[in-house]
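Numbering (full-length UniProt numbering), first residue to last: 1 to 1206.
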């Protein structure tokens, strides 16, 4: 006789391997879709989007130069700065110089705003200025007007808030009050003051703005008192919000360096690159670049607008640097207002930052309103100096030898700096200062791909990162790039765009509709594939999109209805039994649109269902309506002398199968038995419906209605509740209907003209062909393409199914909704990259890591402590009672937790959990749906970590619970539930007692194997929440027990006819059955694949006749046979120790080792006057410790521990 034993050294190696595997072991049902509440988050109002765009449409250029005559209050040095708009006024006649300067100034402004309306006023009078300002304000309406004032030929502004102009004969300086200027210019406006003491104007402007507001309030009160009509329609002035740029402070005069232009402030604002180069050359640092003079810098080749040239690249770098300085220095709202609202204002303020840097070097401080923080010492200016240095260093060789221009490494270096920040950055750190530069790099094809990749990584850090990018101005860049034809950019662009939409859904506007129509068209063409995708969240999104597609038709047509019904049938056939409740919820939401758009057809079906329920008694053939695990009393009855076990019994469903139909079961028979539609309709006086089977189009509605009715009894209560809302909407109309017979006949007869069903012709979608259009008979429309979303609205054709839809078209109010899209947006807005997820899991300083480390250390200790106990178990007695309790009902299934002192017990349709150490009951929870069921299997999932409890019922449903032990007084929470066995042909050859649902969980591969009263073993993947495969058992009877090898390779199934079948899951399903042993002659009570290091894996099996066999998987017959007590009702084998236990009909429990030696027998309870134990209903060994739990028909549970053999 062969003995299954393991050497101690092998056990140690096994233990070490298991301890390491704890860290590598995958976890099931722990994703956000399982643990988080599926609901949206409160949207935070974004500040990046401007409430209103502004445009500077008119520009007033007021030049008070009086060429040749110096103002009396300023003593100029000799030589002195003379250039105005880079023109020497003394080089030509005064009038010509004035006109040329005015023309040049206009051209300099046009470079920044070419579409504005420009008006020059050269050496004007007060009347001319008034006329100019009022005219521009009148034409500009609500847009912005710019007032540029050059006062180099007039006295400095006065402390009373006056600037100077001329009289008509140019013999006097005439003061112009800023108060009057405000009145003429109105708001919104921007003012540029290029004169000495310009800060006085800014101060006076604010005082006059307050005065305007006070006067307005006084006039408003007077109007209200006198009921006058003078200013009744006037609006409040908003001069305080006007923008002002002044060349210097109130007590400063402009620099007079002859190497600089006289209008240095204007030069900085309108020709920044030219003045920046000139100023850079004048600095001492420029001596490091030899052969560079002021004349040479005017010969820099290229155009400012061409980024491929030297001059254009400098301008591009300057824009990026000034944007970066502003974004990193200014408050976000001020940055948005000044740098993103108006193109001309943004350009002027970028250049103003340069003006501040240059003018401060000459003891001048430019002033602005609103006031900006100092930026002249920002570190980014050093990057600008480096760019100028590298540019000028190669200028002589380019001009002399026509060498090729070498592009600046500025953008590449800044991208590298941004990449470095991404490796260390987080929400708690300062934002990356290179972000505005990254957006500028998107304009370059050379660095665009890298910039998009880095930008995507940044946006993946969370909503805060998306908001930062939006505040910089990412939106127009991405919107433009979405229309790019570059294939390599599309994945990154879609990811970036999705991140933006997840955080700020308002970004989806009409500009994007064409792009998304193309995406949606491609999506629809492949929807049969999409609904079977590997990820449940993607499947849910696909179902949501298809449901939206169904509801998108504004005007119904045959072709549109045909497509909608094919989509609905595809969804009901592929998704209705999806493992993920999230997907099934979206299925209900999607199918409700079919119910709403074709309401009359569903009302007809509900009416037929109602009448069939009243008038008929039917035999329901639902595969699992009678699925029930054999109970202890059934086994006792089965094993009694008057009722011998026979494998030839065929009445597997019993007489209780015949019952009055329910709402969910009656319609299931409608598709196969047309009497149920004919008879209720005949009772209404419409016997012509007897030919309804020929109207196959009606079967589409029947299948959809049947699918919805099945979802009414979904294992997940949330799915069932949503489905019941939809079906009750239809049933309420049937119950509340009091329509006369003629009206009912009209509704029913309208279905007589319905064309055939396309439900059996859906394969064309996967081939790229077009769906058929409904016509008379069985003809199909021979159209060449599926119409796009925008082309689905067509003129309805009379006498077609379009008449069946509601007469009132338009937006339908949904019966039920989910927050899946809102939740998905909130989830997608969070980091989704694999690196971030791995990093969060491996954060060794987190509390979760410490808790996991403690659990894995506990597991290691308990495995080590149990090892010695397992080795001596073959010679020990397992009879020391360590736990005893009474439960509310007779226990059906017992399961020990491997590491916690928890014993899970199945009690009819509920489960309970007891603490074996203290004897206290931790929880008692019902695990059932709308129909009566019995729990037939319990499994601990993620037992090495935070454990979940899985309960499988004889109706084929599986439910997974978290917090199953009511820790911290919290009730168990249903994590997920699904129909593990549904729409499967039941086994035909079985006994009066059925196996119910039989399952085995494999943690390493996250696979759940389920079988029972069916002829297949179904494997579910908990990671993808998809059905892996269906493996035929090859038996005509039920499967009674199942076991797996734990590594995803072998699986064994015991059957009701006594056969034991071995499967290799790595082979195709039809080839996976590699061995059948038929040595048992009775119901197989247990199978156990035993893994040893010494020899090949072996199989332990036992039947109800007391026949215990051990098989070598390589041989065709058993290698060992042990005959125990006849007529056992329960059997269990220890996973590690070489012992097994069985409960028999004679009120005793026997424990044996695998050599056949009986170790002990338990017949009585412990204690004084111990009573005889009652018949055993279930047995279970602890996975590691040698502890045996026994459940009995008298509703008691007892646990026995091992003790050395005496």
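Here a beta-carbon is modelled for each residue, glycine too, at the ideal position from N, C-alpha and C. Note that this is a predicted model, so its numbers are computed, not measured.
Select from 961, 81, 980 the residue whose C-alpha is nearest the C-alpha of residue 974.
In the chain shown, counting from the first residue as 1, residue 974 sits at position 974. Considering only alpha carbons, the answer is 961.
With distances taken Cα to Cα, identify the nearest neighbour of residue 79 among 133, 604, 259.
As a working note, residue 79 is residue 79 in the chain shown. When each option's Cα is compared against that of residue 79, the closest is 259.
Determine the DSSP secondary structure at residue 422, reduced to helix, strand or coil.
In the chain shown, the residue the question calls residue 422 occupies position 422. Residue 422 falls in the helix class under three-state DSSP.
Measure the beta-carbon distance from residue 59 to residue 148 and round it to whole angstroms, keeping in mind my assumption that it falls under 8 Å.
For the purposes of this step, residue 59 is taken as residue 59 along the chain shown, with counting starting at 1. For the purposes of this step, residue 148 is taken as residue 148 along the chain shown, with counting starting at 1. At roughly 7 Å, the Cβ-Cβ gap stays under 8 Å, so residue 59 and residue 148 are in contact.
Leaving out the 5 sequence neighbours to the left and right, which residues in its chain are closer than 8 Å to residue 944 when beta-carbon positions are compared?
Mapped onto the chain shown, residue 944 falls at position 944. Taken in chain order, the residues that qualify are 22, 25, 855, 856, 859, 898, 899, 1003.
Per DSSP, what are the beta-bridge partners of residue 1192 in this structure?
Reading the chain shown from its first residue, position 1192 is the one you call residue 1192. The partner list for residue 1192 (beta bridge, DSSP) reads 1176.
Count the other CB atoms, across all protein chains shown, that sit within 10 Å of the CB of residue 1171; report buried if there are 16 or more and exposed otherwise.
Here the question's residue 1171 lines up with position 1171 in the chain shown. The residue is exposed, with fewer than 16 neighbouring Cβ atoms inside 10 Å.
For residue 722, which three-state DSSP category applies?
One-based indexing of the chain shown puts residue 722 at position 722. The answer is helix: DSSP assigns residue 722 an H, G or I state.
Thinking just about the alpha-carbon of each residue, which of 881, 913, 868 is nearest to the one in residue 888?
Numbered from 1 along the chain shown, position 888 holds the residue referred to as residue 888. Residue 913 is the option with its Cα nearest to residue 888.
To the nearest angstrom, report how far apart residue 1096 and residue 825 are at their CA atoms.
Taking the chain shown and counting its residues from 1, the one referred to as residue 1096 is at position 1096. Taking the chain shown and counting its residues from 1, the one referred to as residue 825 is at position 825. Between residue 1096 and residue 825, the C-alpha separation is close to 51 Å.
Should the segment 213-224 be called in touch with the segment 372-388, which here means at least 3 C-beta pairs below 8 Å?
Flag = no, the segment 213-224 and the segment 372-388 do not touch.
Thinking just about the alpha-carbon of each residue, which of 721, 901, 951 is nearest to the one in residue 816?
As a working note, residue 816 is residue 816 in the chain shown. The candidate whose alpha carbon is nearest that of residue 816 is 721.
Classify residue 29 as helix, strand or coil using the three-state DSSP reduction.
Along the chain shown, read from residue 1 onward, the residue named residue 29 stands at position 29. The answer is coil: DSSP assigns residue 29 none of H, G, I, E or B.
In angstroms, rounded to a whole number, what distance separates the CA positions of residue 633 and residue 1193?
Along the chain shown, one-based indexing puts residue 633 at 633. Along the chain shown, one-based indexing puts residue 1193 at 1193. Low confidence applies here, because residue 633 scores a pLDDT of 43, under 50, leaving its location unreliable and the question unanswered by this model.
If you follow the alpha helix (DSSP H) that residue 871 is part of, which residue opens it and which one closes it?
On the chain shown, position 871 is the one that residue 871 refers to. Where residue 871 is concerned, the enclosing alpha helix (DSSP H) stretches over 847-871.
Would you call the segment 267-285 in contact with the segment 88-98, where contact means no fewer than 3 C-beta pairs closer than 8 Å?
Contact fails: fewer than three Cβ-Cβ distances are below 8 Å.
Just to confirm my understanding: we take residue 591, look at its own chain, exclude 5 residues before and 5 after, and list those with CB closer than 8 Å. What are they?
On the chain shown, position 591 is the one that residue 591 refers to. For residue 591, where only same-chain residues beyond five positions count, the Cβ hits under 8 Å are 547, 568, 571, 572, 704, 707, 708, 726.
Can you give me the Cβ contacts of residue 435 inside the same chain, cut-off strictly under 6 Å, excluding the 5 residues immediately before and after it?
What you label residue 435 is simply residue 435 of the chain shown in a count that begins at 1. Once the five neighbours on either side are set aside, the close Cβ partners of residue 435 are 472.
Any idea what DSSP makes of residue 109, helix, strand or coil?
Here the question's residue 109 lines up with position 109 in the chain shown. Three-state DSSP puts residue 109 in a helix.
Report the partner residues of residue 360 according to the DSSP bridge assignment.
Mapped onto the chain shown, residue 360 falls at position 360. DSSP lists no partner for residue 360.
If I follow the unbroken beta strand (DSSP E) through residue 333, where does it start and stop?
Within the chain shown, residue 333 is the residue found at index 333, counting from 1. Per DSSP, residue 333 belongs to no beta strand (DSSP E); it is in the alpha helix (DSSP H), 332-339.
Hey, how far is the Cα of residue 1124 from the Cα of residue 1007?
What you label residue 1124 is simply residue 1124 of the chain shown in a count that begins at 1. What you label residue 1007 is simply residue 1007 of the chain shown in a count that begins at 1. Their backbone Cα atoms lie some 34 Å apart in a straight line.
Count the CB pairs spanning the segment 492-505 and the segment 460-471 that are closer than 8 Å, and state whether there are at least three.
Enough Cβ pairs lie closer than 8 Å, so yes.
Going by DSSP, what residues sit across from residue 950 in a beta bridge?
The count along the chain shown starts at 1 and reaches residue 950 at position 950. Answer by DSSP bridge pairing, in chain order: 939, 960.
For residue 476, report the span of its alpha helix (DSSP H) as first-last.
The residue labelled residue 476 in the question sits at position 476 within the chain shown. Run containing residue 476: 474-481, per the alpha helix (DSSP H) assignment.
Beta-carbon separation of residue 996 and residue 1065 under 8 Å?
Within the chain shown, the letter at position 996 stands for residue 996. Within the chain shown, the letter at position 1065 stands for residue 1065. No, the pair does not count as a contact, with Cβ atoms beyond the cut-off.
Does the segment 1111-1120 come within contact of the segment 843-850, defined as at least 3 CB pairs closer than 8 Å?
Judged by Cβ distances under 8 Å, the segment 1111-1120 makes no contact with the segment 843-850, as fewer than three pairs qualify.
Use the C-beta contact count for residue 32: other C-beta atoms within 10 angstroms, 16 or more gives buried, fewer gives exposed.
Here residue 32 refers to the residue found at position 32 of the chain shown. Residue 32 should be labelled exposed.
Put residue 497 into one of helix, strand or coil per three-state DSSP.
Mapped onto the chain shown, residue 497 falls at position 497. In this structure, residue 497 counts as helix in the three-state DSSP scheme.
Specify the secondary structure class of residue 1116 as computed by DSSP and reduced to three states.
On the chain shown, position 1116 is the one that residue 1116 refers to. DSSP places residue 1116 in coil when its eight states are reduced to three.
Tell me the rounded alpha-carbon separation between residue 1025 and residue 908.
Locating residue 1025 in the chain shown gives position 1025, counting from the first residue. Locating residue 908 in the chain shown gives position 908, counting from the first residue. Distance between the alpha carbons of residue 1025 and residue 908: 27 Å.
Hey, could you find the ends of the beta strand (DSSP E) residue 1160 is sitting in?
Position 1160 of the chain shown, counting from 1, holds the residue named residue 1160. Counting along the chain, the beta strand (DSSP E) containing residue 1160 begins and ends at 1158-1162.
Which residue's Cα is closest to the Cα of residue 1250: 1115, 1160, 1152, 1104?
Given that the chain is displayed from residue 1 to residue 1206, the structure contains no residue 1250 and the question cannot be resolved.
From the DSSP output, read off the bridge partner residues of residue 191.
Walking along the chain shown from the start, residue 191 turns up at place 191. DSSP lists 147, 244 as partners of residue 191.
Could you check how far apart the C-beta atoms of residue 1054 and residue 1011 are, in whole angstroms? I think they sit under 8 Å.
Sequence index remark: in the chain shown, residue 1054 carries index 1054 (1-based). Sequence index remark: in the chain shown, residue 1011 carries index 1011 (1-based). About 10 Å separates the two Cβ atoms, so there is no contact after all.
So does the segment 331-351 actually touch the segment 414-428, counting three or more Cβ pairs closer than 8 Å?
Flag = no, the segment 331-351 and the segment 414-428 do not touch.
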